[in-house]
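As structure tokens, the structure follows; a few thoughts come after it.
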């Protein structure tokens with residue numbers, strides 16, 4: 018898969034709240050970090066699968082749309098930066114969660130994600 022296809026599949030997994038779809042995008046030893054989230058990283062495809070299954074399963078919030086605002090290629094051909102907004106319904110409230118992904122992709126698989134989310138918006142979703 019191309020970088021564009023991987024980013025689209027990543028966003029589709031978020032929209033579907035599918036830990037399997039997300040984890041399957043990663044290399045077996047992939048790493049998913051949350052620099053602003055205060056959350057421990059997920060090390061390896063199966064930990065990503067288990068972690069997201071638990072996280073997404075614990076919230077009744079529904080993702081309505083994931084909008085890619087920009088995709089920036091870097092001087093490193095394996096690295097892409099994605100600006101995104103996630104639109105979530107939490108009960109009767111609509112919440113926008115801005116975010117930034119820094120993805121390292123090699124041979125069609127994600128090796129490393131640094132997932133920067135607006136933690137105040139995430140707190141509203143969880144609240």
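Residue numbers (this note's numbering): 18 to 144.
By construction, the Cβ of each residue, glycine as well, lies at the ideal position given by its N, Cα and C atoms.
This structure is a prediction, so every number in the text was calculated from the model and none was measured.
- Rounded to whole angstroms, the Cβ separation of residue 114 and residue 138 is 4 Å, and the two are in contact under 8 Å.
- Between residue 96 and residue 90, the alpha-carbon positions lie close to 7 Å from each other.
- Sixteen is the threshold: when 16 or more other Cβ atoms of the shown chains lie within 10 Å of the Cβ of residue 49, as they do, the residue is buried.
- By the neighbour-count criterion, in which a residue is buried when 16 or more other Cβ atoms sit within 10 angstroms of its Cβ, residue 33 is exposed.
- In the three-state DSSP reduction, residue 130 falls in the strand class (E or B).
- Counting every other CB atom within 10 Å of its CB across the protein chains shown gives residue 55 a total below 16, marking it as exposed.
- By the neighbour-count criterion, in which 16 or more other beta carbons inside 10 Å mark a residue as buried, residue 62 falls on the buried side.
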